[in-house]
Structure formats: C-alpha cells, structure tokens
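Down below is the structure, laid out as structure tokens.
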Amino acid sequence: MRKPVIGGNWKMNKTPQEGVELVAELRDDLGDMADVEVIICPPYPALLPIGSELAGGNIKLGAQDLYWEKEGAFTGQVSPGMLRACGCQYVIIGHSERRHVFGETDAQVAKKVRAALDEGLKPILCVGELLAEREAGETEIVVKRQLEAALAGVRGEEISTLVIAYEPVWAIGTGRASTAEDAQDVAHFIRRTLAGLYDREKSEAVRIQYGGSVKPENVKFYLAEADIDGALVGGASLKAAVFAQLIRNSTGR
Ligand code: 13P
C-alpha cells in the first residue's frame, strides 16, 4: 500500500518569515493528517526556520535542489549535508525549471540523485516532456531517457525511497493541467520502466506524483488513478488555506 504524498514546491516565493507563518497556519488547519504525507519545499533561506517550526510534527521538509559535492569552492551551491542539517528529509531533483531555465543535464541530475541518497535524503525526481515533444509523440522516449539516466546509480534496495514526479512541462504554471487519464498513462509507463530497470515488486513500491496546475478542484481525479500516488504542487501551495483544502480533497476528507 503506497501512502499518498503531496508536495508543495514554493519555487522562488516567500521570505523566511512568510514561510514560517504559512506552515504554522497549514499545521493548525490540517491537524493530524496521518493518511497523507505532506512535504513543504521552500527556498533555501527559509529551510532552517521552517525546519524548526515543523520539528516534531508530521509535515516534512524538502529542498528544491542540491549540489552533489560535500563542501568546497562551489560558490552559490548547497550540499546534501547542509540540507539535512536544516531538517530536510526530501529534495526535489531535476525539476523542469532546473533543466530548462538553468540547463541542467540528465548526467547532473543523476549525480544529484546519488548524492542525495548518500546523505540519507529522499529524492523527488522530476521527469516530463516539453509541449513540442508531446506533440511529436515523444513523451515516452523522453521520460524513459530521463529515468534511465537519473537512476543509473540507484540500487534496487534504494528505489522505493524515491518519489517520481511526472510533470509535463506544458502543464506547469499554465492552468492547462493534463487530463487524469493522460497523466495515468505516463505514470503507468513510468512504473513499467521501473519494473524493467529493477523488478515488478520494486516498481510497485515507488510513489509517483503528478504535477502541473494541480488545484483543490482537480487533485482528487489524479489521486483516483491507479498509478498516481500524489501531487507536486506549485502555485496552489502558496496559500495555506488553498493548500490545506487541496490536501484534504486529495484524500476525500
Ligand atoms: P504549478 O502547480 O504552479 O503548475 O507548478 C507545478 C510544479 O512545477 C511543481 O513542481
């Protein structure tokens, strides 16, 4: 049984103070949500105060990126150990904005996944096709390439610690969400690809999220699909009341 997992990716939004206020409100609103795992991914400067605010509760903390080296002359970068020290359990890796705005490659994504696992961080690995790739019928080719590259250094016993987020680039921040059926088709393809890389049993243990214009109104349609176990949410995670409603709707409460 895979536990539903809802992530809030704040991207480059919220000061530390605004972030602390948001999570305090969210925690009070949600109370004890034992049936869904909630992960908040704020910008780096907000991680430490939010980590303190969330300590002892059941909302988890994640970062939006990391660098694969442990320390040294890498101006602007943040190491896996630093994220752990802030209270992070998860880290988003290979988000489409990293890939397409900052030119991150499959090889870099793979190094980040390995570095996260080595530090005991759970990767939320993002994959997904561009609009032109979807229109050219290349969705599966792109997603398979991204998965094979990112997971090249991941051992069978580690794969269930990852969350895979399927985020079609054309659906992110556009209001043009994928249909639940199309998202399910790709999520099923992801699971089949994992079964090929590892085995069927291991693939069944991996949680797969859909991301791209997920809102309180549509979240339940994705979660109702057989291979979709959660959502990675951008815009709708930036207001506590909206995100709390989205989380409640995801479990039908
Ligand atoms: P939106 O929910 O704003 O479309 O963003 C999705 C996303 O990129 C989450 O990582």
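Just so you know, my numbering puts the end of the sequence shown at 263, numbered straight through with nothing missing.
A virtual CB, placed ideally from N, CA and C, is assigned to each residue, including glycine.
In the structure shown, residue 79 falls within a coil segment according to DSSP collapsed to helix, strand and coil.
A contact is defined here as three or more CB-CB pairs under 8 Å, and the segment 28–46 fails this definition with respect to the segment 79–94. Using a cutoff of 7 Å, the CB of residue 33 does not count as near the ligand 13P, since none of the ligand's heavy atoms is closer than that. The beta carbon of residue 181 sits closer than 7 Å to the beta carbons of 187, 188, 222 and 223 from its chain, once the five residues preceding and following it are set aside; these are given in chain order. When secondary structure is reduced to three states using DSSP, residue 178 falls in the coil class, being assigned neither helix nor strand. For residue 93, the enclosing alpha helix (DSSP H) begins and ends at 90–95. In this structure, the ligand 13P has a non-hydrogen atom nearer than 7 Å to the beta-carbon of residue 105. The beta carbon of residue 261 sits closer than 7 Å to those of 14, 45 and 46, all from its chain and outside the five residues before and after it, given in chain order.
Taking 7 Å as the cut-off, one finds at least one heavy atom of the ligand 13P near enough to the beta carbon of residue 242. The ligand 13P has a heavy atom closer than 7 Å to the beta-carbon of residue 177.
Of the residues 65, 91, 68 and 64, the one whose Cα lies closest to the Cα of residue 75 is 91. Taking non-hydrogen atoms of the ligand 13P into account, the C-beta of residue 223 is found less than 7 Å away from one of them.
Residue 93 and residue 103 have their C-alpha atoms spaced approximately 13 Å apart. Here residue 150 has 199 as same chain residues with Cβ atoms under 7 Å from its own Cβ, once five neighbours each way along the sequence are excluded. Taking a cut-off of 8 Å on C-beta distances, the segment 25–38 does not touch the segment 228–245, as fewer than three cross pairs fall below it. Taken from the Cβ of residue 142, every heavy atom of the ligand 13P lies 7 Å or farther away. The residue from 34, 73, 55 and 86 with its alpha-carbon nearest to that of residue 67 is 34.
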